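Worksheet: one structure, shown below.
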Amino acid sequence: MLGLYVHIPFCSAICNYCNFNRGLFDSGQKERYVAALLTEIRAAADGSPADTLFFGGGTPSLLEPAEIGAVIQACREAFALAGDAEVTLEANPETVTEARLAGFRAAGINRVSFGVQSFRDEELQRLSRLHSAARAGEAFAMARASGFDNISLDLMMWLPQQTVAHWLESVDGLIALGPEHASMYLLEIYPNAPLRDAMARSKWSLAPDDDAAEMYLSGLDRMDKAGYIQYEISNAARPGRASRHNLKYWSDGEWLGFGCGAHSTRDGVRWKNFVSTEEYISAATAGGQLAVDRRTLSAQERLEDALFTGLRLNAGIDVRAVKQRYGVDVWEVFGGELQMFVDEGLLVYDSRSMRLTRPGMLLAHEIMTVFIRSTVR
Ligand code: SF4
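Take our numbering: the final residue in the sequence shown is number 427, and no numbers are missing along the way.
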């Protein structure tokens, strides 16, 4: 079944490390944007079955519950959205109240994903986030009180000045709240990020690489002990609570993206909408072409995608499915170069799957490059 993604590009302030497609909130632009989204969704209507809908951003929780409700309704009319579809809203802790969360729930949202990033106020301030650790805890409690029984929290590790002990405080803070799902990403600071200047000015540094590896391994170890099951390099969940939407990206699935900069992949074709919010609004409102980059993926690209994303999952690459779909025996083609990773305990291969061990996940990029090197020949 299809996954549906809706991009909401508005934020109350721009965080100093952020490289997403977003801009400052403007209520007039937001209203025109929502109208454009409804037009785009209706134009794509084909009644196809879908079982996930994900509002990502940006900060989707800046929309009003009625606006979120209108978009969900448009998706229901345009596609055969399953009755038990997973419908997620990304939210920033400072944007929610119990009444707003209850409104989102009444509108059809059944999963909330909070961008918490850290449970230490000084780290949040260094990242120029608007919320405090206490506010994140309050937002979580409000979501529970509003009836949400499927909540995800995001944390980021390897923050400026963060030690392993600091990082584990945040992991413990997350475990203490008890969400159903957690994402833990390594902070990547892009070349011109304002955070780089702030780090230089304030003489903040990053912990050594070995500490970053320890953060990753010890954080996941605590999650294991708390009963979470890691299912992807950066994601862990209570049994049965893995993100059904994100699994589509990692398991060779298909999805349609709506809104500025949204990507879609369907029937071997990939496209991306206008990135600029205003260009998107103009084109969608006029009923024009929204895709700026549309192309049919070659068999080689599809295979590489399946291998790259499959290896991100703890379940690994389903080698029989790859053989069936792409006619490629993964071990026959790549085994020669991968054997050393197996010998080092970083990769496991059997006749059903090829998967990274946890230490192997730390070297995922190096291991994945084998797929490119070997297939380019
Ligand atoms: S809230 Fe999220 S999307 Fe918005 S600027 Fe901060 S990191 Fe970027």
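In this text, a Cβ means the ideal position worked out from N, Cα and C, and glycines have one as well.
Computed from a predicted model, the values in this text were never measured in an experiment.
A Cβ-Cβ contact shorter than 8 Å links L406 with L361. Distances from the CB of T407 to the heavy atoms of the ligand SF4 are all 7 Å or more.
If you check the CB distance, I367 and S403 come in under 8 Å.
For the 8 Å CB-CB criterion, T102 and E136 form a contact.
In the same chain as F190, and ignoring 5 residues on each side of it, the C-beta atoms closer than 6 Å to its own belong to L227, in chain order. The closest heavy atom of the ligand SF4 lies 7 Å or more from the beta carbon of I239. By alpha-carbon distance to R155, the top candidate from Q167, L139 and G223 is L139. The C-beta separation of S202 from S233 comes to about 6 Å, placing the pair in contact by the 8 Å criterion. When the five nearest sequence neighbours on each side are left out, the beta carbons in the same chain lying within less than 6 Å of the beta carbon of T359 are those of W300, in order along the chain. Residues whose Cβ lies closer than 6 Å to any heavy atom of the ligand SF4, listed in chain order: C61, I64, C65, C68, F70, R72, G107, G108, T109, N142 and G165. Here S163 is not near A149, since their CB atoms are 8 Å or more apart. At a cut-off of 3 residues, the continuous stretches assigned as beta strand (DSSP E) that sit fully inside the stretch 198 to 282 are 201 to 207, 231 to 236 and 279 to 282. Its chain contains L353, A356, L357, G360, V378 and V380 as the residues whose beta carbon lies nearer than 8 Å to that of V372, once the 5 sequence neighbours on both sides are disregarded; these appear in chain order. Contact between the stretch 276 to 293 and the stretch 206 to 213 is absent, with fewer than three C-beta pairs closer than 8 Å. Partner residues in the beta bridge of F105, as assigned by DSSP, are V56 and L139. At least 8 Å separates the beta-carbon of G158 from that of G133. Of A292, A86, G309 and L236, the smallest CA-CA separation from V342 is found for G309. Counting only residues of its own chain and dropping the five nearest sequence neighbours on each side, Y83 has a CB closer than 7 Å to the CB of T327 and I331. A distance below 8 Å separates the beta carbons of S111 and T145. In this structure, I422 keeps its C-beta atom at 8 Å or more from the C-beta atom of L397. Close CB contacts of A130 within its chain, under the 8 Å cut and outside five residues either way in sequence, are with G97, S98, P99 and A100 (chain order).
Taking 8 Å as the upper bound for CB-CB distance, H57 and G386 are not in contact here, some 41 Å apart. Relative to the Cα of E238, the nearest Cα in the group L54, M411, L256 and A95 belongs to L256. Of the residues assessed, Y55 falls on the buried side of the cut-off, its CB having 16 or more other CB atoms within 10 angstroms.
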